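Remarks on the structure that follows.
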Amino acid sequence: MSVATTANYLNAEKGIKSWLFTLDHKRIGLMYLFAVMTSFFLGGVFALLIRLELLHPGQDFFTADTYNQLFTLHGAVMIFLFIIPAIPAALGNFVLPLMLGAKDVAFPRLNLASFYIYVVGALFALYSIVAGAVDTGWTFYTPYSTTTSTSVISMTMGAFILGFSSIFTGVNFIATIHKMRAPGMTWFKMPLMVWALYATSIIQVLATPVLGITLLLLVIERTVGIGIFDPAMGGDPVLFQHFFWFYSHPAVYIMVLPGMGIISELVATFSKKKIFGYKLIAYSSLGIALISFLVWGHHMFTSGQSEFSSMVFSFLTFFVGIPSGIKMFNWLATMYKGRITFEAPMLYTIAFMFLFAIGGFTGIMLGAISIDIHMHDTYFVVAHFHYTMMGGTVIAFLGGLHYWWPKIWGRMYNEKLAKVAWAFIFVGFNVTFFTQFFLGSQGMPRRYYNYLDQYQPLHMYSTYGSWMLGVGFLIMAYYLIYSIYKGPKAPNNPWGALSMEWQTTSPPIQHNFEDQPVLEHEPYDYDTRMVVNDELIKKEDVKEKEDINV
Amino acid sequence: MEQHNTATPHVLPLSLYFTVAGTLFVLTGITVAVSFVHFGEFNIIVAMLIATIKASLVALYFMHLKYDNKLFMAVFLSSLIFLGLFLTLTMTDTMHRGDIDPIKEHPIKKEAIIYDK
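What follows is the structure, encoded as C-alpha cells:
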C-alpha cells in the first residue's frame, strides 16, 4: 500500500491487530481520518437529500417527519462526528508530535482510548437512527426534546460519550505541547498550528463537561421528570439554552480555531515569506478561546431572555471580530509581496479567506440585536453558519489534508484533478449558500419542509449548487484514493516548508525521527532559508556563491 | 512521576490542622446563628460568604493547595472563574426579565399546550 522500499509507520507492522491496538499517533490519526471521512460522507448524503426535497415546494420524496429527521441527522452527524474531531483528532493527531519533534503524544494509550470512545459514541448515534431518528434539530431544545417520542436519549448519550473522546484528545494535546517540544523549541518558536491546537484543547477541556451535564440533565428530565426545564414543576426551558450554548458556542471555535492554525501554516509556506505578526496570531487564538465563553447569549435574542441580557451579549459578541480580524489581516500581510504559488493547498487557503470573511461579517450582522430579531431562524443564519463552518473549517481541513497528504502516505495526488475539484467545491459552495443569504433576508425560515412559491428559484439554485459540491467531492475522493495506491512517490518536503514535520521521511518512520531533532531555525524563517530538492539551504550561502560567480 | 519523586513532602504541624478545624466549627456555628437573623436580600450573600471562607480553608490547608505547585491553584481558580462567568451571565437574563417588556416577566405559560401531558 505504501511506498514499501524503506520501513515506515505504514509497513513496519502488519495485520489488522497492529492497527486496532496501535499506540502510534500516526496510525490513530489515520483511523480517526477514516472514521471522520465516513461521517462526512454520511452527513453529506443527508445534506444532498435535504436539498433534493427542497428543489420544489410541497412533498416530493420524503414526508415532513422524515425531513425533520434528515436535517437533525445532518446537523448532529456533521457537528459531533465530523467537524469537531476532523482537524484536532485526525490531522492534529498525525502532525502535532511531528511538528513538535516528538516521538508521540504524551499519553498514547489515552489517545487510543479516545478513538474507541469516539467509536462507541458514534454507534449510539447510529443506533438512534435505526430506533426512530431524532427530529429535534442538533440543538435538542426543550421543551420539544423532553416531549417528542423519537430517540432523543440514544442520540444525546452518543453526544455525551463523544464529549469524553474530545476531552481526552484535549488533555493529551495540552500535556504534549507543554512537555514534549524538541530542544530549542520555545513557546514562541512553535508553529502556529500548534498554538491553534493548544487553544482548541483548552476549550475542549473547559467547555465539553458542561455539554455532558446538560445532556445528562435532558436525559434525566425525560426519564424521571425532575422538572429542571419544565415550568409546570418550577423549571425553565430557556435555562436549557443557556446550558447548551455555554458549550456549543465555544464549540464552534473548537471547530474553526484549528482550521485557522492550518491556514497560518499554509499561507506562509506557499507565500515563502515569514509569517506577519507571529505573536499576535498566537495570542489571538487564545483571545478567541477566552471570548468564546462570553457570547453564548447571542443565540437567544428571541428566546425570551431579558433585554438587558441580550444587550450584554450583543456587546460582547462584537469583540470576537477583533482577534479574527487580526488573523485575517496578518495572513493578507504575509501574502503581500510573497512568492506565491498556487498549488491545491494554497487554493484552499485563499478560498478560506474569502469565505470566512463573508461568514465573519455576517456573524457581526447577526450579533446586532435589531438585525437578528428579523434574521433569527431564517436561511440567513443557515448561510452564515455554513460560510464559517464549511467555508471556514471544512475548506481549511481540505487544505490541510492536501498539504499533509504526501507526508501521510508518501504519495502525491494528481494536482490537475485537485484544482478541478477545488473549482467545483468553491463555485458549488457559493451557489449553494450565497443564495441562502437572499432567501433568509426575504424571510424563508430555516428547517421548514415546505415553502411559498416565490422562494423556489433561489431554492433551485441552492440545490444545483449542492450537486456541484457533490461532484467536487467525488472527484476528490477518486484522486486521493487513487494516489494511495498508484500516485508518484512524494519527496520528503514537496512544498519546501520549514516546520519540523517535513524534516523526516515521507511517510515518517515508526518513531517519527531517526534522532531527537533539535530546533535550528524557526518555522517561518523563509527570509533566511529555502528548501531545494529536500535540502535545506541558507539563503546567504546562495548569495555568496552568486557573488563569486559574478 | 518525576515530579512526585522530586517534590519534598510537606508536613504541617498538627496544631495548624486543629486550628483550621476549630475555625470551621466556629464558622458552622456562625452559619446557624446567622440563620436566625433576617437580612432580607442579603441572607444568601452572608450564607455564601461564610461557605466560601470555609471551602477556601479546606482547599488551602487540608488539601494543601497553598503549598502545592501554583499551577494547581491557577487551574482551581480558573474553574471557579468559569463557573462564576456562567452563573453571572445567565443571571443577567433570569434577574432582569420584565425590566422593559412586562410580558417577558412571565414568558412561560404553565398551561401551554406542549406541557399538557
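Chains as they are written, first to last, in the numbering used here: chain A, 38 to 587; chain B, 318 to 434.
Glycine included, each C-beta is placed from N, C-alpha and C at the ideal position.
In this text, all values refer to a predicted model and were calculated from it rather than measured experimentally.
Cβ neighbour criterion (16 or more within 10 Å) applied to residue i
i, result
"TYR378/B", "buried"
"ASN360/B", "exposed"
"ARG64/A", "buried"
"HIS355/B", "exposed"
"MET192/A", "buried"
"MET609/A", "Residue 609/A is absent from the structure shown; chain A starts at 38 and stops at 587."
"VAL569/A", "exposed"
"HIS548/A", "exposed"
"GLN96/A", "exposed"
"GLN491/A", "exposed"
"TYR334/B", "exposed"
"ASP102/A", "exposed"
"TRP459/A", "buried"
"PRO544/A", "buried"
"ARG88/A", "buried"
"GLU538/A", "buried"
"HIS336/A", "buried"
"GLU422/B", "exposed"
"ASN45/A", "buried"
"ARG376/A", "exposed"
"HIS215/A", "exposed"
"THR405/B", "exposed"
"LYS316/A", "exposed"
"LEU209/A", "The question names Leu, but residue 209/A is Asn in the sequence shown. Looking at its Cβ environment, which holds 16 or more other Cβ atoms inside 10 Å, ASN209/A is buried."
Any non-hydrogen atom of the ligand MN closer than 7 Å to residue i Cβ
i, result
"ILE124/A", "This structure simply doesn't include the ligand MN, nor any ligand for that matter."
Where residue i sits in the DSSP three-state scheme
i, result
"MET449/A", "coil"
"ILE263/A", "coil"
"ASN148/A", "helix"
"ILE347/B", "helix"
"THR405/B", "helix"
"THR100/A", "coil"
"LYS226/A", "helix"
"LEU333/B", "helix"
"ASN549/A", "strand"
"LYS580/A", "helix"
"LYS526/A", "strand"
"THR541/A", "coil"
"HIS215/A", "helix"
"PHE461/A", "helix"
"HIS111/A", "helix"
"GLY141/A", "First, the amino acid is wrong: residue 141/A is Asp here, not Gly. The answer is coil: DSSP assigns ASP141/A none of H, G, I, E or B."
"ASP562/A", "coil"
"PRO554/A", "coil"
"TRP442/A", "helix"
"PRO531/A", "coil"
"PRO220/A", "coil"
"ILE401/A", "helix"
"ASP410/B", "helix"
"VAL354/B", "coil"
Extent of the continuous beta strand (DSSP E) run through residue i
i, result
"GLU572/A", "572-575"
Integer-rounded CB distance, given that residue j should sit under 8 Å from residue i
i, j, result
"ALA139/A", "ILE299/A", "About 19 Å separates the two Cβ atoms, so there is no contact after all."
"THR500/A", "LEU92/A", "5 Å"
"ASN367/A", "ILE328/A", "Between ILE328/A and ASN367/A the Cβ distance is about 18 Å, and since that is not below 8 Å, they are no contact."
"LEU85/A", "SER503/A", "6 Å"
"GLN553/A", "ALA219/A", "7 Å"
"LEU163/A", "PHE197/A", "With 8 Å as the limit, LEU163/A and PHE197/A do not qualify as a contact, their Cβ atoms being about 15 Å apart."
"GLY129/A", "PRO295/A", "6 Å"
"VAL171/A", "ILE204/A", "So it is not a contact: roughly 23 Å between Cβ atoms."
"THR386/A", "GLY436/A", "5 Å"
"ALA420/A", "GLN473/A", "4 Å"
"PHE152/A", "MET68/A", "6 Å"
Extent of the continuous alpha helix (DSSP H) to which residue i belongs
i, result
"MET412/A", "406-412"
"ARG566/A", "First-last for ARG566/A: 566-569, but that is the beta strand (DSSP E), not the alpha helix (DSSP H)."
"ALA305/A", "274-308"
"PHE417/A", "416-425"
"PHE131/A", "130-137"
Those runs of the beta strand (DSSP E) which lie wholly inside the segment 474-512 of chain A and span at least 3 residues: DSSP runs (the beta strand (DSSP E)) wholly in the segment 474-512 of chain A: none.
Could I get the ranges of all uninterrupted alpha helix (DSSP H) runs contained in the segment 39-94 of chain A, with 4 residues as the minimum, in chain order? Complete alpha helix (DSSP H) runs here, min 4: 53-57, 62-90.
What residue ranges within the segment 356-386 of chain B form continuous alpha helix (DSSP H) runs of no fewer than 4 residues, ordered along the chain? If we require 4 residues or more, the alpha helix (DSSP H) runs fully inside the segment 356-386 of chain B come out as 360-374.
Unbroken stretches of the alpha helix (DSSP H), 4 residues or longer, contained in the segment 162-212 of chain A: Within the segment 162-212 of chain A, the complete alpha helix (DSSP H) runs of at least 4 residues fall at 181-184.
Within the segment 311-379 of chain A, note down every full alpha helix (DSSP H) run reaching 4 residues or more, in order along the chain. Here the runs fully enclosed are 315-328, 344-355, 358-372.
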